[in-house]
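Have a look at the structure below before the remarks.
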Amino acid sequence: MSTTPSPAPTTAEDETTRDSRPAEDLRQQVYDSPKERAIEYALGACALISVLTTLGIAAVLVVESVPFFQSVPLTEFFGDTRWTPQFAEKHFGIWALLSGTLLITAISAVVALPVGLASAIFISEYAADWVRKVLKPGLELLAGVPTVVYGYFALTFVTPLLQTFVPGLGVYNALSAGIVVGIMIIPMVASLSEDALQAVPKSLARAAYALGATKYEAVTRVKVPAAFGGIMASFILAVSRAIGETMIVTLAAGATPKMTLDPRESIQAMTAFIVQVSKGDTPQGTIQYQSIFAVGLVLFLITLAMNVLANRITRRYQEKY
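The structure is reproduced here in structure tokens:
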């Protein structure tokens, strides 16, 4: 007499697999629809355009810089401290422009980073709801002010104000330009840092309160360290924005390329030099005109390195909850 084998017992895993198959089939059907395919290709094309634009900018800067570096060796470009492309005795030492850029960036960082972080902490942790609703849009509005307005604000208001306190301060100087650049990037630091603080789970602060911590201790010893990656990324992105600022330094800092650490003196940043040569007075094809691409390439590499560093810091210190 033959016996029919009994079916194998059904496990919970088999039930889960059986239940998930209809949903997977439905998702596959939706994904294979022409409309979904068209949306996927359109979004992919937008992402590709962004990448190709960046690569195109880099390619133009490299190609246009080749004739310059055929005439000016790298040893002179990175070893000389004088930048006089318009003089009879020409010097192309990038440090004269780079030092001006770094001086203004340092001043702006001193202004923006502590003020921006303090603003972010206040908005995130201390401000009432109605205050937060007023301050956050106000900071975003400050970020939307055209930089040319900031430039004339530095030239016509900040510089005369500083001249009453700082002896020997000229009309064009690095100090007023750096301060106003710092004011300009405060909203970036505050907004990004506040987002990083808001991303920290509230349970961490509640646990600190349960252990007897004060509000200040919970913020400074729990929430800020937990949001360290996002805060540092906001700092680096803001500094990168300051390095690339053009109109403020062009209008307020002057056009005297020199290697100096004195903020009272007139200096010239890399972006300001590019604007000066691009006005049309310099004939195309000359070594003076080609120098703007070499300076632009250095500026591009610096900002690219800053953004890559911000991305790496965010990934390195990103907390997973």
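Residue numbers are given in my numbering: position 139 of the sequence shown equals residue 497, and the series is strictly consecutive. Here a beta-carbon is modelled for each residue, glycine too, at the ideal position from N, C-alpha and C.
Run of the alpha helix (DSSP H) containing Asp553, from where it starts to where it stops = 532–556
Please go through the same chain and pick out, in chain order, the residues whose beta-carbon is closer than 7 Å to the beta-carbon of Thr439, but skip the five residues on each side of it.
-> Around Thr439: Gly451, Trp453, Ala454, Met617.
Report yes or no: do three or more beta-carbon pairs, one from the region 569–580 and one from the region 614–629, lie closer than 8 Å?
-> no
C-alpha distance - Ser561 paired with Met664, whole-angstrom precision | 33 Å
Per DSSP, which one or two residues make a beta bridge with Trp441?
-> Per the DSSP secondary-structure output, Trp441 pairs in a beta bridge with Phe450.
Environment of Tyr530 [buried if 16+ CB atoms lie within 10 Å] | Buried is the call here.
Count the other C-beta atoms from every protein chain shown that fall within 10 angstroms of the C-beta of Arg599, then say buried if there are 16 or more, exposed otherwise.
-> Label assigned to Arg599: buried.
Taking Cβ positions, are Ser549 and Leu595 nearer each other than 8 Å?
-> Contact: no.
Consult DSSP for Phe523 and reduce its assignment to one of helix, strand or coil.
-> coil
In chain order, what residues of the same chain lie with their CB nearer than 7 Å to the CB of Gly526, ignoring the 5 residues before and after it?
-> Arg622
Rounded to the nearest angstrom, how far is the Cβ of Phe593 from that of Leu401, given a contact under 8 Å?
-> About 31 Å separates the two Cβ atoms, so there is no contact after all.
N- and C-terminal bounds of the alpha helix (DSSP H) containing Lys491 = 487–501
Closer than 6 Å by C-beta to Gly528: which residues in its own chain qualify, once you throw out the five before and the five after it? Chain order, please.
-> Non-local C-beta neighbours of Gly528 in its own chain, meaning closer than 6 Å and more than five positions away in sequence, comprise Ser624, ordered along the chain.
Contact check, Thr463 vs Val656 under 8 Å by CB: the rounded distance?
-> No, Thr463 and Val656 are not in contact; Cβ-Cβ is about 14 Å, not under 8 Å.
Spatial distance of Leu667 from Val539 (CA atoms) = Here the C-alpha atom of Leu667 lies approximately 21 Å from the C-alpha atom of Val539.
In whole angstroms, what is the alpha-carbon distance linking Val558 and Ala584?
-> Annotation: Val558 to Ala584 spans about 7 Å, alpha carbon to alpha carbon.
On the three-state DSSP scale, how would you describe Ile350?
-> As displayed, the chain neither begins before 359 nor continues past 679, which places residue 350 out of reach and without an answer.
Cβ of Val635 within 8 Å of Cβ of Gln646?
-> yes
Do you know offhand how far Phe523's Cα is from Thr442's?
-> 33 Å
Apply the 10 Å Cβ neighbour rule to Phe515 and answer buried if 16 or more other Cβ atoms are within range, or exposed otherwise.
-> exposed
Contact set for Gln521: own chain, Cβ-Cβ below 7 Å, skip 5 residues either direction | Leu527
Excluding sequence positions up to five away, which residues of its chain have a Cβ less than 6 Å from the Cβ of Val628?
-> Reading off the sequence shown, one finds Met at residue 628, where the question assumed Val. Correct list, in chain order: Leu455, Thr459, Val653, Leu657.
When the Cα atoms are used, what is the spatial distance from Gln428 to Thr644?
-> 12 Å
So the alpha helix (DSSP H) Val430 belongs to, where does it begin and stop?
-> Note, Val430: premise wrong, no alpha helix (DSSP H); not H, not E.
Own chain partners of Ala591 with C-beta closer than 6 Å, once the 5 adjacent residues on each side are dropped | Ala668, Ile671, Thr672
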